[in-house]
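> Letter by letter, the sequence shown follows residues 0 to 152 of numbering that gives the first Met the number 0.
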Amino acid sequence: MEKAYRYRIYPNEEQKNFISRTFGCCRFVYNYYLDKRVLEYQENGVTLTYQECSADIKYLKETYEWLKEADSISLQTTLKNLDRAFQKFFKAHTGFPKFKSRKNHRQSYTTKMTNGNIRIGEGKIKLPKLGYAGTIRKILRITLLYGGRDAEA
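And the structure:
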């Protein structure tokens, strides 16, 4: 069972800059591996898997030092999103994955809680590498399914 909550945060200027850099890092990783998968398929007729991309990302971080600034979990989640887009393309016959653009105003990144790296308290939320973000407000209620019965979280 996974639980998810969506919050609106009000970061200060330094945190806004960090978040925009994280958006850029996630967009770069997505576009880089989308291009790499397309080229690999054109040259060899085989595409890269999530595991191959995930193993390769540490070498990408050595090449592009600024990728180390972003939360590593968000970069891994970006790779999973790309892999999911390819799976949908081949199985559900949806459109081919598109390159991400910085001009799109709907930018986001996803991180996950591991070893207590996310904390909520006193109207603030602590996120990995961001620290405590300003005031938060819960904007979404999540309904979970427990053994066939609905329960609200």
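No residue lacks a Cβ here, since even glycine has one placed at the ideal position from N, Cα and C.
1. If you reduce the DSSP assignment to three classes, tell me which class residue 118 lands in.
2. Is the distance from the Cβ of residue 133 to the Cβ of residue 8 below 8 Å?
3. If you run the structure through DSSP and keep just helix, strand and coil, what is residue 133?
4. Can you tell me the Cα-Cα spacing of residue 21 and residue 108, whole angstroms?
5. From residue 30 to residue 121, what distance separates their C-alpha atoms?
6. Quick check: what's the CA-CA separation for residue 62 versus residue 93?
7. Over what stretch of residues does the alpha helix (DSSP H) that includes residue 126 continue unbroken?
This is what the structure gives:
1. Strand at residue 118.
2. Yes, the pair counts as a contact, with Cβ atoms nearer than the cut-off.
3. Coil at residue 133, not helix or strand.
4. A direct Cα-Cα distance of roughly 8 Å separates residue 21 from residue 108.
5. For the pair residue 30 and residue 121, the Cα-to-Cα distance works out to about 38 Å.
6. Rounded to the nearest angstrom, the two C-alpha atoms are 33 Å apart.
7. From DSSP, residue 126 is part of no alpha helix (DSSP H) but of the beta strand (DSSP E) over 123–126.
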